[in-house]
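Visitor: Attaching a single structure in structure tokens format; questions to follow.
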Amino acid sequence: MYQLQLQQFSGPIEKLLELIEEKKLEITELNLAEVTADFLKYLQSLTVAIDPRILADFVVVASRLLLIKSKALLPNLELTSEEESDIKDLEERLLRYKKFKPAIILFKNLYEKNYFSVSRPFFHGYPPVFHPAKNADLDSLHQAIAKLFEYLNSLSLETQKIESPLIKLEEKIEEIIKQIEIGIGQFNEIIKQKSKTEIIVLFLALLHLLRDQIIKAEQRERFSDIIVEKSGSYNQNDK
Amino acid sequence: MTNKIQNITAAVEAILFAYGEPLTIKKIAKILDLEEEKIKSALNDLEEKLKYENRGLKLVFADEKVQLTTKPEFSSLLENFAKEEFKEELTPAGLETLSIIAYFGPISKAKIDYFRGVNSAFILRALLMRGLIDRSDKSKEEYAYSLSFDALKHLGISKIEELPEYEKYKNNLNLVQ
Amino acid sequence: MTNKIQNITAAVEAILFAYGEPLTIKKIAKILDLEEEKIKSALNDLEEKLKYENRGLKLVFADEKVQLTTKPEFSSLLENFAKEEFKEELTPAGLETLSIIAYFGPISKAKIDYFRGVNSAFILRALLMRGLIDRSDKSKEEYAYSLSFDALKHLGISKIEELPEYEKYKNNLNLVQ
Chain A
401 MYQLQLQQFS
411 GPIEKLLELI
421 EEKKLEITEL
431 NLAEVTADFL
441 KYLQSLTVAI
451 DPRILADFVV
461 VASRLLLIKS
471 KALLPNLELT
481 SEEESDIKDL
491 EERLLRYKKF
501 KPAIILFKNL
511 YEKNYFSVSR
521 PFFHGYPPVF
531 HPAKNADLDS
541 LHQAIAKLFE
551 YLNSLSLETQ
561 KIESPLIKLE
571 EKIEEIIKQI
581 EIGIGQFNEI
591 IKQKSKTEII
601 VLFLALLHLL
611 RDQIIKAEQR
621 ERFSDIIVEK
631 SGSYNQNDK
Chain B
805 MTNKIQNITA
815 AVEAILFAYG
825 EPLTIKKIAK
835 ILDLEEEKIK
845 SALNDLEEKL
855 KYENRGLKLV
865 FADEKVQLTT
875 KPEFSSLLEN
885 FAKEEFKEEL
895 TPAGLETLSI
905 IAYFGPISKA
915 KIDYFRGVNS
925 AFILRALLMR
935 GLIDRSDKSK
945 EEYAYSLSFD
955 ALKHLGISKI
965 EELPEYEKYK
975 NNLNLVQ
Chain C
805 MTNKIQNITA
815 AVEAILFAYG
825 EPLTIKKIAK
835 ILDLEEEKIK
845 SALNDLEEKL
855 KYENRGLKLV
865 FADEKVQLTT
875 KPEFSSLLEN
885 FAKEEFKEEL
895 TPAGLETLSI
905 IAYFGPISKA
915 KIDYFRGVNS
925 AFILRALLMR
935 GLIDRSDKSK
945 EEYAYSLSFD
955 ALKHLGISKI
965 EELPEYEKYK
975 NNLNLVQ
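Chains as they are written, first to last, in our numbering: chain A, 401 to 639; chain B, 805 to 981; chain C, 805 to 981.
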């Protein structure tokens with residue numbers, strides 16, 4: 401069920417390209433900054449429905465967009481060479497995906513054409529004859545089932561491990577609210593000395609709070625810091 | 805549909821190939837939406853073409869039915885081939901599938917695919933041909949696969965519960981689902 | 805055994821007909837006790853003959869294997885042989901992933917993930933279970949994914965190169981990074 405649901409979502413590169421093309425924009429750094437908000441909005445809509453593992457990949461793309469956005473907003477911001485190459489990498493991937501997109505349509509048409517070949521079953525018409533394999537004994541069956549269980553268990557463990565980033569978003573929401581309550585109202589202050597992933601999660605938390613109108617944010621002019629404050633509707637018992 | 809069919813001989817060959825079983829001329833005529841006479845002449849044409857020495861197939865007529873089969877001169881070659889094929893050891897994928905059926909049978913193909921994470925159609929067919937598993941149509945929609953009686957004997961056990969750690973795996977099935 | 809084989813093309817046709825599943829050229833050579841080169845030239849011969857419009861069959865090639873199938877122009881006659889699991893529409897993620905594998909396979913999961921910008925584990929599993937892709941473990945480190953024979957047959961193509969504008973996409977998009 402849940403895996404099926406997952407498949408309804410396109411990958412982040414596809415989604416980002418979609419957003420750019422909706423606005424009939426070229427793939428440039430400036431235009432990427434332009435669609436950042438849309439991408440984040442989409443990302444937020446995913447947080448309820450999607451596997452944390454997939455979400456993490458969207459966050460990676462979102463983080464690069466935020467980097468681009470920050471660069472556009474804050475011209476004095478110095479990016480490391482790694483960050484610069486991350487931006488370049490995202491642009492290149494989008495371009496490559498864009499070039500490939502027509503092939504997906506071609507493939508889809510062929511796939512749905514109902515123009516297929518039929519083959520025959522394995523040794524059709526030959527009677528089944530008992531041919532036990534030399535290696536089909538109790539021991540090897542036992543080993544095979546044990547190995548399969550080990551694998552299936554490792555899969556479910558892996559899924560559990562990845563649940564943690566989701567909880568963090570909730571924590572960060574609380575953190576922002578607390579910071580505002582003690583009087584820190586500038587986003588730059590809130591994210592001071594945080595790791596890059598934390599900044600991203602904090603930013604997501606900020607967007608979350610904005611959407612729920614728990615806080616108000618304001619950017620007085622381009623490139624200036626974002627000022628956040630509690631909005632009237634926030635109630636401690638809501639969260 | 806029919807007007808798209810350019811060549812009746814080719815269409816008849818394709819139909820006989822896919823169905824595998826003997827078909828009545830009437831049935832072929834129905835599939836093609838053509839008169840039986842047309843089918844008969846296409847079958848004659850096909851039969852003539854199959855006589856060429858570079859063809860490996862032939863038509864067999866019996867009881868008003870026709871079937872496409874291999875030429876008799878290849879019978880012993882193909883029987884040996886089948887024998888060799890089934891003498892081979894089971895692949896890891898074959899063993900894995902057999903173990904799932906042993907421990908969890910009767911079990912549907914969908915469930916086997918789910919556990920293995922890959923499609924098992926071919927492996928199931930091969931295990932059936934080797935007589936290691938049986939297929940029963942438990943529900944109308946789905947076959948259920950279980951270990952064959954011969955396979956149990958070959959393993960040297962009298963019932964499935966004698967498989968090593970049978971209870972442990974059988975009961976833990978839900979944990980991994 | 806060999807000296808009885810008058811015509812290799814006929815023998816190859818009979819073997820492919822009986823076996824049904826894709827067969828490696830190597831295996832055919834072994835069955836017939838002939839060099840692979842001879843088998844290849846018999847397959848070329850067979851492929852040419854099958855192109856005639858009075859033939860209803862064709863060969864499908866992938867990964868050193870070959871399978872005998874019906875020509876797709878007869879699919880409307882063989883509706884009941886269409887695979888149920890392929891009729892179902894592909895999800896956006898499934899389509900995205902399957903197209904990438906079609907044009908760039910065999911391709912590793914890491915490269916698919918990079919191209920899509922997202923972990924494709926679940927999608928790959930779903931495609932494997934439906935039998936649309938195969939996973940080969942040629943290198944020990946990483947699986948490589950490619951379109952299955954069943955997928956090629958569903959698309960009605962004889963080999964992957966027959967995908968629309970295959971060369972253009974394959975060569976102009978360097979996925980190897």
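For glycine and all other residues, C-beta sits at the position ideal for the given N, C-alpha and C.
Quantities reported herein were computed from a predicted structural model and do not represent experimental measurements.
Give me the subset of the region 890-916 of chain B whose CB atoms are less than 8 Å from a CB atom of chain A, sorted by chain position.
Guide: Those residues of the region 890-916 of chain B that come within reach of chain A (Cβ to Cβ, closer than 8 Å) are Phe890, Lys891, Glu892, Glu893, Leu894, Pro896, Gly898, Leu899, Glu900, Leu902, Ser903, Ile904, Ala906 and Tyr907.
Visitor: Using a Cβ-Cβ distance under 8 Å, would A:Glu563 count as near chain C?
Guide: As a working note, residue 563 of chain A is residue 163 in the first sequence. In this predicted model, A:Glu563 has a pLDDT of only 47, less than 50, meaning its place in the structure is not dependable enough to derive any value.
Visitor: Looking at the structure shown, is B:Arg929 part of a helix, part of a strand, or coil, going by DSSP?
Guide: The count along the second sequence starts at 1 and reaches residue 929 of chain B at position 125. Three-state DSSP puts B:Arg929 in a helix.
Visitor: Thinking just about the alpha-carbon of each residue, which of C:Leu847, C:Ile937 and C:Ser903 is nearest to the one in C:Lys973?
Guide: Counted from its first residue, the third sequence places residue 973 of chain C at position 169. Checking the sequence shown, residue 973 of chain C turns out to be Tyr, not Lys. Checking every option, the nearest Cα to that of C:Tyr973 belongs to C:Ser903.
Visitor: Alpha carbon to alpha carbon, how far is B:His958 from B:Tyr907? Give it in angstroms, no decimals.
Guide: Working through the second sequence from its first residue, we reach residue 907 of chain B at position 103. Working through the second sequence from its first residue, we reach residue 958 of chain B at position 154. Each residue's Cα considered, the two are about 16 Å apart.
Visitor: Decide if C:Ala862 is buried, meaning its Cβ has at least 16 other Cβ atoms within 10 Å, or exposed.
Guide: Walking along the third sequence from the start, residue 862 of chain C turns up at place 58. Reading off the sequence shown, one finds Lys at residue 862 of chain C, where the question assumed Ala. Result: buried.
Visitor: Of all Cβ atoms in chain C, is any one closer than 8 Å to the Cβ of B:Ile937?
Guide: As a first step, residue 937 of chain B must be located in the second sequence, where it is residue number 133. Judged by the 8 Å Cβ criterion, B:Ile937 is not in contact with chain C.
Visitor: Which residues in the same chain have their Cβ closer than 7 Å to the Cβ of B:Glu883, if we skip the five residues on either side of it in sequence?
Guide: As a position in the second sequence, residue 883 of chain B is number 79, starting the count at 1. Result list for B:Glu883: empty, nothing under 7 Å.
Visitor: Could you work out which residues of chain B lie near C:Asn975, taking near to mean beta carbons separated by less than 7 Å?
Guide: In the third sequence, counting from the first residue as 1, residue 975 of chain C sits at position 171. Within 7 Å Cβ-Cβ: nothing; C:Asn975 doesn't reach chain B, min ~30 Å.
Visitor: Return the first residue and the last residue of the alpha helix (DSSP H) that B:Arg920 is part of.
Guide: Counting from 1 along the second sequence, the entry for residue 920 of chain B is found at position 116. Its alpha helix (DSSP H) spans residues Lys913 to Arg920.
Visitor: Do the region 872-892 of chain B and the region 945-964 of chain B make contact, defined as three or more Cβ pairs closer than 8 Å?
Guide: No, the region 872-892 of chain B does not touch the region 945-964 of chain B.
Visitor: With 16 other CB atoms within 10 Å as the buried threshold, where does B:Phe865 fall?
Guide: The count along the second sequence starts at 1 and reaches residue 865 of chain B at position 61. Classification of B:Phe865: exposed, given that the 10 Å Cβ count is below 16.
Visitor: Tell me which same chain residues have a C-beta within less than 7 Å of the C-beta of C:Pro910, skipping the five on either side of it?
Guide: The count along the third sequence starts at 1 and reaches residue 910 of chain C at position 106. Answer for C:Pro910: Ser940, Ala948, Tyr949 and Ser950, listed in chain order.
Visitor: Distance cutoff 8 Å, beta carbons only. Does C:Tyr856 sit that close to anything in chain D?
Guide: Although the question refers to chain D, the structure presented lacks it and instead comprises the protein chains A, B and C.
Visitor: Is it buried or exposed, A:Thr428, if we count other Cβ atoms within 10 angstroms and call 16 or more buried?
Guide: Here residue 428 of chain A refers to the residue found at position 28 of the first sequence. With fewer than 16 Cβ atoms within 10 Å of its Cβ, A:Thr428 is classed as exposed.
Visitor: Is B:Pro876 buried or exposed, if buried means 16 or more other CB atoms sit within 10 Å of its CB?
Guide: Taking the first residue of the second sequence as 1, we reach residue 876 of chain B at position 72. Per the 10 Å Cβ criterion, exposed.
Visitor: Using a beta-carbon distance below 8 Å, is B:Asp867 in contact with chain A?
Guide: The sequence position of residue 867 of chain B within the second sequence is 63, counting from 1. Chain A, which has no Cβ nearer than 8 Å to the Cβ of B:Asp867, makes this no.
Visitor: Helix, strand or coil for A:Ala536? Go by DSSP, reduced to three states.
Guide: Looking up residue 536 of chain A in the first sequence gives position 136. DSSP places A:Ala536 in coil when its eight states are reduced to three.
Visitor: Measure the alpha-carbon distance for B:Asn811 versus C:Met933 and round it to whole angstroms.
Guide: Numbered from 1 along the second sequence, position 7 holds the residue referred to as residue 811 of chain B. Numbered from 1 along the third sequence, position 129 holds the residue referred to as residue 933 of chain C. When rounded, the distance between both Cα atoms is 37 Å.
Visitor: Going along the chain, which residues of its own chain have a beta-carbon closer than 6 Å to the beta-carbon of C:Ser879, five neighbours each way excluded?
Guide: For the purposes of this step, residue 879 of chain C is taken as the residue at position 75 of the third sequence. Excluding residues within five positions, none has a Cβ falling inside 6 Å.
Visitor: Is B:Thr874 near C:Ala846, with beta carbons less than 8 Å apart?
Guide: Taking the second sequence and counting its residues from 1, the one referred to as residue 874 of chain B is at position 70. Taking the third sequence and counting its residues from 1, the one referred to as residue 846 of chain C is at position 42. In this structure, C:Ala846 does not lie closer than 8 Å to B:Thr874 by Cβ.
Visitor: Just to confirm the assignment, what range does the alpha helix (DSSP H) spanning C:Ala897 have?
Guide: Reading the third sequence from its first residue, position 93 is the one you call residue 897 of chain C. Pro896 to Phe908 is the extent of the alpha helix (DSSP H) around C:Ala897.
Visitor: Leaving out five residues on either side along the sequence, give the residues of the same chain with a beta carbon under 8 Å from the beta carbon of A:Ile413.
Guide: Counting from 1 along the first sequence, the entry for residue 413 of chain A is found at position 13. Correct list, in chain order: Val461, Arg493, Leu494 and Tyr497.
Visitor: Examine chain B for any beta-carbon lying closer than 8 Å to the beta-carbon of C:Met805, and answer yes or no.
Guide: Your numbering for residue 805 of chain C matches position 1 in the third sequence. The predicted model places C:Met805 with a pLDDT of 46, which falls under 50 and marks its position as unreliable; any figure quoted below should be read in that light. Judged by the 8 Å Cβ criterion, C:Met805 is in contact with chain B.
Visitor: Is DSSP giving C:Asp867 helix, strand or coil here?
Guide: As a position in the third sequence, residue 867 of chain C is number 63, starting the count at 1. Coil.
Visitor: Check each candidate in A:Ile582, A:Leu474, A:Phe530 and A:Leu538 and name the one with the smallest Cα separation from B:Gly750.
Guide: Given that chain B is displayed from residue 805 to residue 981, the structure contains no residue 750 of chain B and the question cannot be resolved.
Visitor: In chain A, what lies closer than 8 Å to B:Asp954 by C-beta?
Guide: Numbered from its first residue, the second sequence carries residue 954 of chain B at position 150. Residues of chain A passing the Cβ test: Phe530 and Pro532.
Visitor: According to DSSP, is A:Tyr515 part of a helix, a strand, or is it coil?
Guide: Numbered from 1 along the first sequence, position 115 holds the residue referred to as residue 515 of chain A. It is coil, neither helix nor strand.
Visitor: Mind listing the chain A neighbours of B:Ala822? Cutoff is C-beta to C-beta under 7 Å, in chain order.
Guide: Working through the second sequence from its first residue, we reach residue 822 of chain B at position 18. Going along chain A in sequence order, the residues near B:Ala822 (Cβ under 7 Å) are Val518.
Visitor: Looking at the structure shown, is C:Gly960 part of a helix, part of a strand, or coil, going by DSSP?
Guide: One-based indexing of the third sequence puts residue 960 of chain C at position 156. If DSSP states are grouped into helix, strand and coil, C:Gly960 belongs with coil.
Visitor: Please classify B:Ala914 as buried or exposed, where buried requires at least 16 neighbouring CB atoms within 10 angstroms.
Guide: The sequence position of residue 914 of chain B within the second sequence is 110, counting from 1. Result: exposed.
Visitor: Give the secondary structure of A:Val435 by DSSP, where H, G and I count as helix, E and B as strand, and everything else as coil.
Guide: Taking the first residue of the first sequence as 1, we reach residue 435 of chain A at position 35. Helix at A:Val435.
Visitor: Residues of chain B with CB under 9 Å from C:Ile819, in chain order?
Guide: On the third sequence, position 15 is the one that residue 819 of chain C refers to. The answer, in chain order, is Gly860, Thr874, Phe878, Leu881, Leu882 and Phe885.
Visitor: Run down chain C in chain order and give the residues with a C-beta less than 8 Å from the C-beta of B:Ile835.
Guide: Numbered from its first residue, the second sequence carries residue 835 of chain B at position 31. What B:Ile835 touches in chain C: Leu881.
Visitor: Is the shortest distance between the beta-carbon of B:Glu839 and the beta-carbons of chain A less than 8 Å?
Guide: Mapped onto the second sequence, residue 839 of chain B falls at position 35. Judged by the 8 Å Cβ criterion, B:Glu839 is not in contact with chain A.
Visitor: Quick one: grab the DSSP three-state call for B:Ala948.
Guide: Taking the second sequence and counting its residues from 1, the one referred to as residue 948 of chain B is at position 144. In the structure shown, B:Ala948 sits in a strand (DSSP, three-state: E or B).
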